[in-house]
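Below is one structure, written out as structure tokens; the observations come after it.
Protein chains: 2
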Amino acid sequence: MMTVNETHDPALRSWVASAQAPGTDFPIQNLPLAIVRRRGRGEPWRGGVAIGDQIVDLAALHRAHPWEGLAAEALAAAAQPKLNALMALGPAHWSALRRALSHALREGSALRATVEPCLLPQADAEYDLPAHIGDYTDFYTSVHHATNIGKLFRPDNPLLPNYKWVPIGYHGRCSSIGVSPQAFRRPRGQIKVPDAAAPVLAPSRRLDIELEMGVFVGPGNPLGEPIPIERAEDHVFGVVLLNDWSARDIQAWEYQPLGPFLAKNFATTISPWVVTWEALAPYRVPFERPADDPPPLPYLDGGANRRAGGVDIHLSVELRTAAMAACGMAAHTVATTNLRYTYWTVAQMVAHHTVGGCNLQPGDLLGTGTLSGPEPHQAAALIELTQGGKQPLELPSGERRTFLEDGDEVILRGWCQAPGAARIGFGTCIGTVLPALAG
Amino acid sequence: MMTVNETHDPALRSWVASAQAPGTDFPIQNLPLAIVRRRGRGEPWRGGVAIGDQIVDLAALHRAHPWEGLAAEALAAAAQPKLNALMALGPAHWSALRRALSHALREGSALRATVEPCLLPQADAEYDLPAHIGDYTDFYTSVHHATNIGKLFRPDNPLLPNYKWVPIGYHGRCSSIGVSPQAFRRPRGQIKVPDAAAPVLAPSRRLDIELEMGVFVGPGNPLGEPIPIERAEDHVFGVVLLNDWSARDIQAWEYQPLGPFLAKNFATTISPWVVTWEALAPYRVPFERPADDPPPLPYLDGGANRRAGGVDIHLSVELRTAAMAACGMAAHTVATTNLRYTYWTVAQMVAHHTVGGCNLQPGDLLGTGTLSGPEPHQAAALIELTQGGKQPLELPSGERRTFLEDGDEVILRGWCQAPGAARIGFGTCIGTVLPALAG
Chain A
1 MMTVNETHDP ALRSWVASAQ APGTDFPIQN LPLAIVRRRG RGEPWRGGVA
51 IGDQIVDLAA LHRAHPWEGL AAEALAAAAQ PKLNALMALG PAHWSALRRA
101 LSHALREGSA LRATVEPCLL PQADAEYDLP AHIGDYTDFY TSVHHATNIG
151 KLFRPDNPLL PNYKWVPIGY HGRCSSIGVS PQAFRRPRGQ IKVPDAAAPV
201 LAPSRRLDIE LEMGVFVGPG NPLGEPIPIE RAEDHVFGVV LLNDWSARDI
251 QAWEYQPLGP FLAKNFATTI SPWVVTWEAL APYRVPFERP ADDPPPLPYL
301 DGGANRRAGG VDIHLSVELR TAAMAACGMA AHTVATTNLR YTYWTVAQMV
351 AHHTVGGCNL QPGDLLGTGT LSGPEPHQAA ALIELTQGGK QPLELPSGER
401 RTFLEDGDEV ILRGWCQAPG AARIGFGTCI GTVLPALAG
Chain B
1 MMTVNETHDP ALRSWVASAQ APGTDFPIQN LPLAIVRRRG RGEPWRGGVA
51 IGDQIVDLAA LHRAHPWEGL AAEALAAAAQ PKLNALMALG PAHWSALRRA
101 LSHALREGSA LRATVEPCLL PQADAEYDLP AHIGDYTDFY TSVHHATNIG
151 KLFRPDNPLL PNYKWVPIGY HGRCSSIGVS PQAFRRPRGQ IKVPDAAAPV
201 LAPSRRLDIE LEMGVFVGPG NPLGEPIPIE RAEDHVFGVV LLNDWSARDI
251 QAWEYQPLGP FLAKNFATTI SPWVVTWEAL APYRVPFERP ADDPPPLPYL
301 DGGANRRAGG VDIHLSVELR TAAMAACGMA AHTVATTNLR YTYWTVAQMV
351 AHHTVGGCNL QPGDLLGTGT LSGPEPHQAA ALIELTQGGK QPLELPSGER
401 RTFLEDGDEV ILRGWCQAPG AARIGFGTCI GTVLPALAG
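Chains as they are written, first to last, in full-length UniProt numbering: chain A, 1 to 439; chain B, 1 to 439.
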């Protein structure tokens with residue numbers, strides 16, 4: 001498990017002045033990675049690190065050759081057009097790179113003259129997916145979401161008997177994962193209203209959001225060799241925001257018996273900045289389940305997981321309709337929640353995924369599932385917030401929403417705060433609904 | 001839709017004598033592609049075409065530069081370490097390569113002296129996966145399998161109401177797909193017997209086979225732009241045998257509500273030779289559903305699909321236990337079936353997969369689902385053949401089997417025969433069960 005070290009010291013200051021700006025997501029204690037380039041110049045993609053409102057271009061820094069050893073090896077990998085090679089290296093390399101960057105970006109660093117020419121303003125940048133995602137798995141780790149949505153799909157049987165034993169997950173679609181900001185068409189699909197004799201092909205009328213986080217896998221495991229929970233976090237590179245857009249009407253008709261398919265695979269949006277697992281060390285929290293719940297099976301249990309398996313990440317969902325955007329209104333927060341409300345930890349997801357021998361690979365993405373919390377305002381999907389579309393949300397524009405309308409923009413945010421630690425953030429994960437294709 | 005042409009002429013003979021051997025899978029009318037190299041020499045992987053008991057090394061042939069135009073472009077793509085570039089080119093290129101190879105391999109060909117040095121005996125070859133598989137989707141197209149297995153999992157409700165409307169499918173795991181021959185460990189997983197209070201982690205005791213076919217996607221579609229059924233087959237490169245190994249006890253406990261996960265993702269085996277869609281043209285058959293079933297929705301319907309949407313591919317499952325192998329006994333056929341028994345065609349799978357905007361990419365793999373036919377001996381999984389493990393199979397060795405035991409070898413075969421056409425085959429898809437890891 002990554003521990004707090006000098007790179008997390010809240011007193012650290014960077015010679016990049018904007019890293020000290022109040023409320024910045026990217027102080028020197030964060031140092032998330034993305035795949036970046038200058039917008040509109042056809043440049044090659046390469047890794048970058050956020051600092052304040054700037055980006056350290058890691059390909060340029062690699063050419064400047066500032067370090068030796070593990071940090072240099074990690075920098076070479078991070079200069080590539082995808083971060084898979086860096087993800088494959090593992091925690092010792094990631095830590096060396098973080099420490100080297102932290103030193104180079106501190107006030108008074110002797111490397112300032114080397115690093116400063118490698119800065120690229122975030123305002124001039126565009127982003128690609130951080131990794132080639134070989135496989136994408138979506139879990140279902142919020143018992144609150146599972147219960148809320150179970151009530152809507154199966155009123156007599158909301159939480160299935162396996163839920164408190166099995167970290168439920170399923171395989172998702174890789175090809176349609178896009179980086180924020182992503183605009184996507186409202187999907188058409190088979191929809192059957194309850195009293196109709198037959199389904200029709202029509203644009204979804206119940207298009208929803210799902211606020212999740214996405215975990216990027218670091219080093220993988222060979223086929224047939226499970227990752228024990230004690231070592232699971234050595235295989236976790238970092239975390240992004242993830243919006244698992246869902247067409248509830250398509251889902252309701254198609255999902256039995258093999259799970260969601262077209263209801264989910266038309267688009268999935270992730271935020272560009274991968275906040276490393278090490279950066280999250282100051283925000284780890286104990287992870288205990290309710291006393292009257294069954295203890296996890298041994299392969300899902302461990303002292304470290306109980307002591308600090310959770311991560312305290314504040315999350316929010318904001319909505320801005322086309323009308324709100326047209327008159328310059330700010331987005332409206334419709335939900336706030338936290339990663340710590342999950343029933344299963346990231347380490348448990350990794351241990352479960354591999355217990356049967358399934359091989360993970362660097363760059364694989366693990367979604368947490370919709371991160372609804374215990375309170376009604378902590379529901380991380382519209383179907384929960386509006387009780388299945390029966391109680392519309394009131395927006396400051398006077399509009400109402402049950403599900404998403406064309407032109408709606410959804411903004412996910414995440415941030416961490418803790419006593420004795422800096423505030424760090426995840427940037428934004430933005431998606432916009434385009435009209436369906438004409439039928 | 002690919003039509004029958006001179007390359008399918010059953011009278012064609014090759015100067016490779018073994019292409020005329022009785023019962024060969026690889027006469028000159030077949031010409032399937034694989035990724036190959038000489039075994040044990042650390043050579044680079046490259047494309048190859050089977051002819052009799054030989055392989056035309058397409059990298060060597062590319063260096064010999066025998067053609068111009070589309071055939072030359074296709075050959076350059078096929079000489080790569082994966083077939084994705086060839087798959088991306090589309091039917092005109094594939095046809096040009098097939099025609100050029102057919103001419104070059106015919107008796108009397110002027111190119112014999114160019115091609116003969118490029119031959120590599122299959123006996124000396126090893127195989128890799130034919131493509132980088134970006135996404136793997138598994139369908140559920142046999143109504144017989146869906147009904148048989150539905151009776152076991154949901155006796156009161158075997159065939160769900162969506163089955164005859166929706167080509168049910170779900171996303172599978174790419175990382176654990178291997179090429180035949182694949183040996184894999186019996187998975188461990190959570191198993192809960194009906195009268196137990198809690199599940200246990202244990203090796204699967206109900207390890208099963210699923211005989212399927214796998215369809216490799218050719219050119220993809222952009223996100224948000226569906227492929228209409230009339231053009232669906234232009235996006236189909238070719239077909240392999242596929243064994244979707246399944247742990248039924250893990251599946252029964254984990255699969256609700258999001259579908260199979262660890263029950264399937266420990267291994268999936270495909271045959272190395274991709275039989276092209278064009279090679280299958282002589283074996284196309286009409287595709288009509290029972291008169292009292294609902295007609296497909298328009299996006300899944302079309303004249304060409306009804307006239308010849310099916311493919312008549314004979315399929316078999318053979319089993320050889322370790323004891324049978326030790327005393328030199330041949331494998332025992334436990335099931336024979338046919339691709340034509342599906343309820344949905346390959347074109348319908350493609351049209352449905354993309355109707356909501358999901359993008360397919362070259363090299364994506366679409367499994368048909370377990371290809372059980374209407375008769376009991378046509379059941380393509382042990383759970384069906386043994387009625388949920390209640391009626392063991394009797395083997396010629398005197399052994400009995402409900403589910404797979406350690407050391408069991410499973411061999412899938414497929415072949416096509418039709419009046420006025422040659423017999424072509426798929427080779428074999430072989431997998432062997434290794435013991436589970438110690439607990």
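Glycine included, C-beta positions come from ideal geometry on N, C-alpha and C. Model, not experiment: these values are computed from the prediction.
- Taking each of Trp-245(B), Arg-284(B), Glu-230(B), Ser-246(B) in turn and checking the Cα distance to Val-355(B), the smallest one comes out for Glu-230(B).
- Counting the other Cβ atoms within 10 Å of the Cβ of Asp-293(B) gives fewer than 16, which makes it exposed.
- Excluding its 5 nearest sequence neighbours in each direction, Leu-395(A) has C-beta neighbours in its own chain below 6 Å: His-332, listed in chain order.
- Membership of Met-324(B) in the alpha helix (DSSP H) is indicated by the continuous run 322 to 326.
- Beta-carbon to beta-carbon, Arg-306(A) and Pro-286(A) are separated by about 7 Å, close enough to satisfy the 8 Å threshold.
- Contact between Leu-211(A) and Ala-335(A) holds, since their C-beta atoms are separated by about 7 Å, short of 8 Å.
- Counting other Cβ atoms within 10 Å of its Cβ, Val-193(A) stays below 16 and is therefore classed as exposed.
- DSSP places Pro-91(B) in the uninterrupted alpha helix (DSSP H) bounded by 91 to 105.
- When the five nearest sequence neighbours on each side are left out, the beta carbons in the same chain lying within less than 8 Å of the beta carbon of Ala-123(B) are those of Asp-53, in order along the chain.
- In the three-state reduction of the DSSP assignment, Leu-382(B) falls in the helix class.
- Ranked by Cα distance from Pro-66(B), the first of Gln-29(B), Tyr-255(B), Leu-105(B), Leu-385(B) is Leu-105(B).
- Gly-369(B) sits close to Thr-141(B), with the two beta carbons spaced by under 8 Å.
- DSSP links Asp-128(B) through a beta bridge to Ile-35(B).
- Non-local C-beta neighbours of Gly-48(A) in its own chain, meaning closer than 8 Å and more than five positions away in sequence, comprise Leu-33, Ala-34, Ile-35, Val-36, Ile-55, Val-56, Asp-57, Leu-58, Leu-120, Ala-125, ordered along the chain.
- Taking 8 Å as the cut-off, the Cβ atoms of Ala-232(A) and Ala-347(A) count as close.
- Given a length threshold of 3 residues, each whole run of the beta strand (DSSP E) inside the segment 400 to 427 of chain A is given here in chain order: 409 to 416.
- Within chain B, no C-beta atom comes nearer than 8 Å to that of Asp-292(A); the closest sits roughly 14 Å away.
- In the structure shown, the three-state DSSP call for Arg-307(A) is helix.
- Taking CB atoms only, Asp-195(A) has no neighbour in chain B less than 8 Å away.
- Taking a Cβ-Cβ cut-off of 8 Å, the neighbours of Asp-135(A) in chain B comprise Arg-173, Cys-174, Ser-175, given in sequence order.
- In this structure, the CA atom of Ile-383(A) is about 22 Å from the CA atom of Trp-344(A).
- Between Pro-91(B) and Met-2(B) the beta-carbon gap is near 7 Å, inside 8 Å, which marks them as a contact.
- With its beta carbon at least 8 Å from every one in chain A, Pro-272(B) lies outside the interface.
- Scanning its chain for C-beta atoms nearer than 6 Å, with the 5 sequence neighbours on each side dropped, one finds around Thr-402(B) the residues Thr-386, Gly-389, Pro-392, in chain order.
- Nearest Cα to Gly-357(A) within the set Asn-265(B), Thr-428(B), Ala-279(B): Asn-265(B).
- In the DSSP assignment, Ala-146(A) falls within the unbroken alpha helix (DSSP H) covering 143 to 153.
- Listed along chain A is no residue with a C-beta nearer than 9 Å to that of Tyr-343(B); the closest approach is about 15 Å.
- In the DSSP assignment, His-8(B) falls outside any beta strand (DSSP E), carrying neither H nor E.
- In this chain, Thr-370(A) is not harboured by any alpha helix (DSSP H), its DSSP state being neither H nor E.
- Collapsing the DSSP output to three states places Met-349(B) in a helix.
- Within the segment 145 to 169 of chain B, Gly-150, Phe-153, Arg-154, Leu-160, Asn-162, Trp-165, Val-166, Ile-168, Gly-169 place their CB atoms closer than 8 Å to a CB of chain A, listed in sequence order.
- The beta carbons of Asp-249(B) and Leu-404(B) sit about 12 Å from each other, so the pair does not count as a contact at 8 Å.
- Nearest CB-CB separation between Trp-245(A) and chain B: not below the 8 Å threshold.
- With a threshold of 16 other beta carbon atoms within 10 Å, Leu-86(A) meets it and is buried.
- In the displayed model, Gly-398(B) falls within coil according to three-state DSSP, outside both helix and strand.
- In this structure Cys-174(A) is buried. Its beta-carbon is surrounded by 16 or more other beta-carbon atoms within 10 angstroms.
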